[in-house]
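Engineer: Number 207 in the working numbering belongs to position 221 of the sequence shown; there are no gaps in the numbering.
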Amino acid sequence: MFSTIRDKLLNVTKTVPLFSSNSDKSQVQCAVNLNAGSDILTRYQNEWEVIHSTNEENAKKAEEAADLIAKVTTKIQRDKESLGVMTHLLSNSNLMLNISNCTKQIEQLYRGFSEVEEGLLQLEDLIDTVEFESMKKQHRYHLQQYKARKEESLKTFETSLQQKHDRTVADLEDKKKKELEERQKVFHEAFKNDLEIFKNFGTIPKLDLPKKQPSALLEEIQVDYDEKELDQFFEDNE
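1. Can you give the Cα-Cα distance for Leu140 and His125, rounded to whole angstroms?
2. If we ignore side chains and look at the alpha-carbon of each, how far apart do Gln131 and Asp114 end up?
3. Whole angstroms is fine: what's the gap from Val155's alpha carbon to Leu166's?
4. Please classify Asn44: does DSSP put it in a helix, a strand, or coil?
5. Mapping the DSSP letters down to three states, classify Asn80 as helix, strand or coil.
6. Quick check: the Cα distance between Tyr30 and Ile37, rounded to an integer number of angstroms?
7. What's the C-alpha gap between Leu83 and Glu103?
8. Look at the alpha carbon of Asn87 and the alpha carbon of Leu95, and state the distance between them as a whole number of angstroms.
9. Give the straight-line distance between the Cα atoms of Leu69 and Val58, rounded to the nearest whole angstrom.
Here is the structure:
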């Protein structure tokens, strides 16, 4: 386009001298501004470059828009097909019924979970109770063992005290028995002496007992005498 305009302008400049005479040659050259065509040509060239660049950018944007439209169209077509399938399933199948059944089953499972959770809490309480009872039994068992050990220790101590008491009583009885035997021996010797004196003199001497000598009970005194001697004594007196 611009090259055609430029050619026309060149042709015009070439044909001008042909139609003019030598006399008005200087007038024609002064009246025509040859630089005006160059400026116009530069202006159109610049505008053409801008338009060409704009067209290229528009072409790229058009391609991008076409790709985007293709993607949107594909997505819309896919969604349309999916919607058709869903509509078909909803209208020609038991999907709604199955969804309702699933919802009911989920509610039943939720109630079951609640019951299981409550059962687990009760089980934890039961386990705590059983552990507490077991701990009580263990403490009771240890207490019984402690009590048994203490009772055994007490019995051993009582047995020791009883043995000690028995030894003390036995020692006292032995001591008392020895004292009684000594008294009995003394009284027996005195009786024999009195009996000899009575045989010889016919009288019984008076005994001078020490004032501080402990008195003996009559039932505690046992006189050891010989019945033959006593019988012989009475026979002689007769």
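For each residue, glycine too, the CB sits at the ideal point set by N, CA and C. This structure is a prediction, so every number in the text was calculated from the model and none was measured.
Structural biologist: For this structure:
1. Rounded to the nearest angstrom, the two C-alpha atoms are 22 Å apart.
2. If you take the alpha carbons of Gln131 and Asp114, they lie about 25 Å apart.
3. In a straight line, the C-alpha of Val155 is about 16 Å away from that of Leu166.
4. Here Asn44 sits in helix by DSSP.
5. Coil at Asn80, not helix or strand.
6. Each residue's Cα considered, the two are about 10 Å apart.
7. Cα-Cα distance, rounded: 30 Å.
8. Straight-line measurement puts the Cα of Leu95 at about 12 Å from the Cα of Asn87.
9. Rounded to whole angstroms, Leu69 to Val58 spans 16 Å at the Cα level.
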